[in-house]
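Protein chains in written order, with this note's numbering: chain A, 1 to 381; chain B, 382 to 454.
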Amino acid sequence: MVYLDNAATSYPKPPAVLDAMRAAIERIGASPGRGGHRQAIEAGRAVFRCRAAVADLIGASEPERVAFTKNATEAINTALCGVLRPGDRVVTTDIEHNAMWRPLCRLARTGVEVDVVPAEPDGTVDPERMLRAIGEGTRLVALTHASNVLGALVDVRPIAAAAHAAGALVLLDAAQTLGERPLDVEGLEIDLLAAPGHKGLLGPQGTGFLYVGPRVDAIEPLTFGGTGSRSEEEQQPDVLPDRLESGTLNLPGIAGLSAALSYLAEHGDAVRASVRQRTAELVTGLSEIAGVRLLGPREGAVRAGLVAFTLGQTDSEEVAAALDQRGVACRGGLHCAPQAHRKAGTLDRGAVRLSPGPFTSAEDVETAIRAVDALAREVLP
Amino acid sequence: MTDYLTFSSNSLAFRAEQALLAAGMAVAVVPRPPGMVGRCALALKLPPGCLEGAQRLLAARRIPILKIHALTA
């Protein structure tokens, strides 16, 4: 089977990830931050190692500002619900994933003003349009780093500068880019960064994090409860990461993520180059097939490691199922991002998305392109 | 007497441990000292004569100390 669904979750994982998860269960086992026995201390140390590795990866000088979550969705929800209050204004785009869009719609019903800036048809976001929308009274600018359907990368720097000039914070959803693209939260002045551990970071499912920068003076937790600290107080601690990490953490997952980050620290350049190369090969190969319409930026443009397409008028789920029968695992449908499909004109039939990972070979890409080509000859007149 | 440091979060205790170990101090994260029930789970045990050096280094790294404890070992 050729696995080309890395934008949903990366597969396979580096072998060290499984080894680390097994070791966390077999040899550590204890609950991090709960108790002072040696196993608990080792569990806490394992969590800290991962926290520090995430901070290193994203250019954060204080690891405490990295709070673990179960995925990027939880991180985005924590950020949005944590900083926005009725009467606040948030600026976003019309290509956001439901992880961003649904909580924003929920917040809009509570009195948060949501101002949506249209992206370009290929998914690029014009910084000038964003700058015009960001004004006094904007509390937050919340946007994806790259649409999970269209793949176009957003130029964050001018948007962050404009947001800060207006006194607003910046939330970046890096679900489709972190690991594949370098991100420096302090250099780019990103205040809130949400990311999964199981996509480009190559960690296990059930891991993710939210970075909370120093401009964020107050953030309400999504979940309240035991933190292993300030236990005598009735209120949630105000210190990070404890404020946002109630309940027992996912030690096996975090240990696995730690191993994945070590792998990326050693092989990151090769990983990024390989994903870029395979993505370019997919774009080139698919664009040569009659009846295929590629979504997102034109060939040669900078994009995240995913390529979505339609095949004539065929339903994308049918195409994905047919490719599955031909040995290619990919995703059809709306990808939890109906806004991006509305933008691309594919809301009715969805699109098929091929997304390579660091272990995708050139032969894998050729196999996938041949399968799409064969299918196109079958289904198209 | 042995000096212990406590911090407002366990994460800070481990960060302090990492910083001081890197500076060559033989510190260790240990259970919290008496009198800190509920405040924190862990503490950092310092080798003899290292308190001032540890304080300086942690201040330079912007790692805030919650409390310094001098206890009979």
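For each residue, glycine too, the CB sits at the ideal point set by N, CA and C.
Item                                                                                                                             : Value
Cβ pair A:I190, A:V170 closer than 8 Å                                                                                           : yes
Contact list for B:V411 against chain A, beta-carbon separation under 9 Å                                                        : G36 and I41
For A:T310, the first and last residue of its enclosing beta strand (DSSP E)                                                     : V307 to L311
Residue-chain proximity (B:L438, chain A), Cβ-Cβ < 8 Å                                                                           : no
Which of helix, strand or coil DSSP assigns to A:K199                                                                            : coil
Cutoff 7 Å; reference A:E245; Cβ partners in own chain excluding five residues on either side                                    : A67, F68 and T227
Assigned secondary structure, B:V418 (DSSP; H/G/I helix, E/B strand, else coil)                                                  : coil
Separation of B:L427 from B:T453, as counted between CA atoms                                                                    : 13 Å
Spatial neighbours of B:V410 in its chain, beta-carbon cut-off 7 Å, leaving aside the 5 residues before and after                : A394, F395, E398, L423 and L425
For A:R139, the first and last residue of its enclosing beta strand (DSSP E)                                                     : T138 to T144
Interface partners of B:A328 on chain A, CB under 8 Å                                                                            : One cannot answer for residue 328 of chain B here, as it falls past the ends of chain B, which runs 382 to 454.
Member of A:M130, A:A174 and A:R109 whose CA lies at the smallest distance from the CA of A:V117                                 : A:M130
Identity of the residue in A:A53, A:I289, A:A72 and A:D315 nearest A:T346 by Cα                                                  : A:D315
Continuous beta strand (DSSP E) stretch holding B:D384: start and end                                                            : T383 to T387
Same chain, Cβ closer than 7 Å to A:G59, five either side skipped, listed in chain order                                         : D184, V185, E186 and G187
Chain-order list of residues whose beta-carbon lies under 7 Å from that of A:I289 (same chain, five-residue window excluded)     : V372, D373 and A376
Contact between the segment 262 to 276 of chain A and the segment 225 to 242 of chain A (3+ Cβ pairs under 8 Å)                  : no
Partner residues on chain B for A:V239, Cβ-Cβ distance less than 7 Å                                                             : S389 and S390
C-alpha gap between A:L306 and B:R420, whole angstroms                                                                           : 47 Å
8 Å contact criterion, which A:A160 and A:P297 should meet: CB distance rounded                                                  : Their Cβ separation, rounded to whole angstroms, is 21 Å, which puts A:A160 and A:P297 out of contact at 8 Å.
Stretch-stretch touch, CB-based, cutoff 8 Å, three pairs: the segment 42 to 53 of chain A with the segment 254 to 266 of chain A : yes
When A:G82, A:A75 and A:G197 are compared against A:A259, the one with the closest alpha-carbon                                  : A:G197
Alpha carbon of A:L202 to alpha carbon of A:G111, nearest angstrom                                                               : 38 Å
Closest by C-alpha distance to A:P15, when choosing among A:A194, A:V141, A:F359 and A:E366                                      : A:F359
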